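Residue numbers (this note's numbering): 71 to 240.
Glycine included, every Cβ here is placed at the ideal spot set by N, Cα and C.
Because the structure is a prediction, the values reported are computed rather than measured.
The block underneath contains the structure these notes are about, expressed in structure tokens.
Structure, rendered in structure tokens:
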């Protein structure tokens, strides 16, 4: 393998829409610094690929038809996957965002955004940055607060503190 190829970010794309998945694969593959190792539409196939191939980052859709992409996050931890995960989705439930952050996602990218932002987000996430729209995080924090007037004060996890500090720096 050449030195240039060794520096490529190795990607796994998971989305149930073949046209979107294959189009994104072609787009990313045409961009210097990216290598699309595989793409698939199911969580079983994704887990098999992660176990057998070197993957730096998973681009994961949440709504996979009959499957929920977030279910893969636990499997990745069990497998010992050390790469990054960015959710690439058309929509996400605000109540689920903090739970996915706790499971270690590197960001959430909304499909209505331009591809150039995704490519930059992938590069930034590989350097340790997080990819979250501030409005999405604000809404997630609002829905996570207790509804009653006596709010419980709980300590944020290390991951939550990291994400919030990086968002505030943006």
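By the neighbour-count criterion, in which 16 or more other beta carbons inside 10 Å mark a residue as buried, residue 197 falls on the exposed side.
As computed with DSSP, residue 151 is found in no beta bridge at all. Residues of the same chain with a CB within less than 8 angstroms of the CB of residue 229, apart from the 5 flanking positions on each side, are 171, 172 and 174 in chain order. The continuous stretches of alpha helix (DSSP H) do not include residue 202, and DSSP gives it neither H nor E. Taken through DSSP and simplified to helix, strand or coil, residue 169 comes out as helix. Contact check for residue 181 against residue 160 passes: the beta carbons are separated by less than 7 angstroms.
Counting other Cβ atoms within 10 Å of its Cβ, residue 183 stays below 16 and is therefore classed as exposed. Judged by their CB atoms, residue 179 and residue 188 are nearer to each other than the 7 angstroms cut-off. Of the residues 117, 133, 100 and 191, the one whose Cα lies closest to the Cα of residue 147 is 117.
Closest in alpha carbon position to residue 125, among 87, 107, 137 and 97, is 107. The alpha-carbon separation between residue 133 and residue 112 amounts to approximately 11 angstroms. As computed with DSSP, residue 209 is found in no beta bridge at all.
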